[in-house]
Every structure is written in structure tokens, then in C-alpha cells.
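For what it's worth, the working numbering labels the leading residue of the sequence shown as 42, then goes sequentially. Built from N, CA and C at the ideal position, the CB exists for glycine as well.
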Amino acid sequence: MASSQNEGASALVLFSGGQDSTTCLAWALSRFQRVETVGFDYGQRHRVELEQRAVLREGLARLSAEWRARLGEDHTISIEALGAISDTALTRDAEIALRDDGLPTTFVPGRNLLFLTFAAALAYRRDVADLVGGMCETDYSGYPDCRHETIRALNRALTLGMGMDLEIHTPLMWIDKAATWKLARELGGDALVSLIVEDTHTCYLGERGKRFDWGYGCGECPACRLRAAGWEKFAAAVA
């Protein structure tokens, strides 16, 4: 396991049950003395990811006694209103395709903005000053709320609005999916990579019936293709 850098006392990780957020949780566990997690139920089509969260937390705790000691409470926040007002392929049985404006139909407007705002409100109550999220501007679908500029602006707004020194960490912001697999290996060795393969969920369609080298999914949606391409590049580099 990667050694602790003792960056701070506590952190709250936005934890969906996917590859990126699981890697971010391992990253936080290697740095902070207490790490809590928060997930969001917004009526997502791939809500199986919520079911994987407990499995992954237990798996991470088994990988390291230090991580087990540091892993704190888990929270789930329901944001049903987001799903109700969203007409997207992640909240409806709709085709996954590119819209006329170039964004995919999987874009849920305001999702990360709301996630981080709710997380900040929870962090305030839990006396936590550091938020960790898996937003990435390198390998992504063009979502504007994943951009570094967006996160920095929201960080400033939340710091002002909460009246506290809040820091949003995005350890995956400038790395691609292959590098995300590599980071997981650096943090927790092959055991963490195996946990991510077997138990995380990325597929937009919520498919967990078919097993690929990189994990479970439909193999065709944009999330599966991105994960598969990253795995192929990573596997070739470590072969």
C-alpha cells in the first residue's frame, strides 16, 4: 500500500461505486486520518452502482488495516428532484447518443454542482474541510461540470457560502483512464486493481451480466468503451 502523507485530519469522498470514485477513495485513505463517503441516489438508470458501494467499502477495508481504521461513516443522499427534472439517458430509458450541441445524452445538467454542494453541506456538519471527487477533464465525455475551471469556481463559491476553508481535491483531473488504473495499482497493488475489476460499476446501462478483462458491463456504451480502452493501454504497459 502507498504510505500515508498525512495531508489532513479528515476528508469526505464522493463515492458512486465506480472505478474513478473507488480509486479516489483509496487515494484519500492513503492521505487522511479519517475518511467518510457519500453517495447520491438521483434515480439513475445504472443504480446498481449504489448497491456496489458497500461491497467496495468492505473490500477496501480488507486490503489494509490502516485503511480499515481510517474508513469512517457512509452517507447516502437522495436527490430525487434531479432525476425528475432531467431528461437524459442516465435518468430515462433513452438512446445514448450525441446531441446537436455536441454533448452526449448522458449529460445530467447540474449533477456535479449539486453533488458537491450537498457534500459541502454534509462536510460542514461533519467538521470536514476536504472533499474528494473523481472529476476528470482528460478522459471524459465533455461534461462541462467535470472541467477544472468549473470545480475551481465552485470551490470558491462553496468556501464563501459555507464560511469555511473548503478544498475540493480532484486527483484524476489531468490523467487518462490508463493512468487511473496505474494509480490504483500504486495505491493498493494488484489486490486493489482486482477489486476494481470485480466490484466497481461503470456501465451506463447497469449491465453486470457479462464479464470482460476490465470488469462487468455491456461493453458498448461510452463508459464501457472508455474503461476498456484504458484497461488495454494499462495492461500493455505492465505486461
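Closest by C-alpha distance to residue i, when choosing among the options
i	options	result
L267	T200, H210, Y245, A122	Y245
T147	E208, A264, W272	A264
T179	F56, S51, H189, G202	H189
G230	A67, G59, A50, G49	A67
L154	G113, R167, Y184	Y184
Y165	M205, R252, K251, K274	M205
W222	V238, V149, F56	V238
Close Cβ partners of residue i (< 6 Å) along its chain, the five nearest in sequence each way excluded
i	result
C259	C244, L246, E248, C265
A52	A69, F73, V76, D171, V173
N47	Any reading at N47 is ruled out, since the residue's pLDDT is 49, under 50, leaving its predicted position unreliable.
D115	T78
Outcome for residue i when other beta-carbon atoms lying within 10 angstroms are tallied against a minimum of 16
i	result
R152	buried
L195	buried
V149	buried
Three-state secondary structure (DSSP) of residue i
i	result
T78	strand
Y83	coil
V15	The structure shown does not extend to residue 15, since the chain spans only 42 to 280, so no value can be given for it.
A170	coil
T25	Here the chain covers residues 42 to 280 and nothing more, so residue 25 does not appear.
D115	strand
I192	helix
Same chain only: Cβ atoms within 7 Å of residue i, ignoring 5 sequence neighbours per side
i	result
C262	I137, C244, Y245, L246
heavy atom of the ligand COA below 7 Å from residue i C-beta
i	result
T117	As far as ligands go, the structure on display features none, and thus does not contain the ligand COA.
Min CB distance residue i to chain C below 8 Å
i	result
F253	Structure shown: chain C not included; a single protein chain is present.
Next on the checklist: Does the contact criterion of 3 or more C-beta pairs under 8 Å hold for the region 96–112 versus the region 67–83?
Outcome noted: Two segments are said to touch when three or more pairs of C-beta atoms, one from each, lie closer than 8 Å; by this definition the region 96–112 touches the region 67–83.
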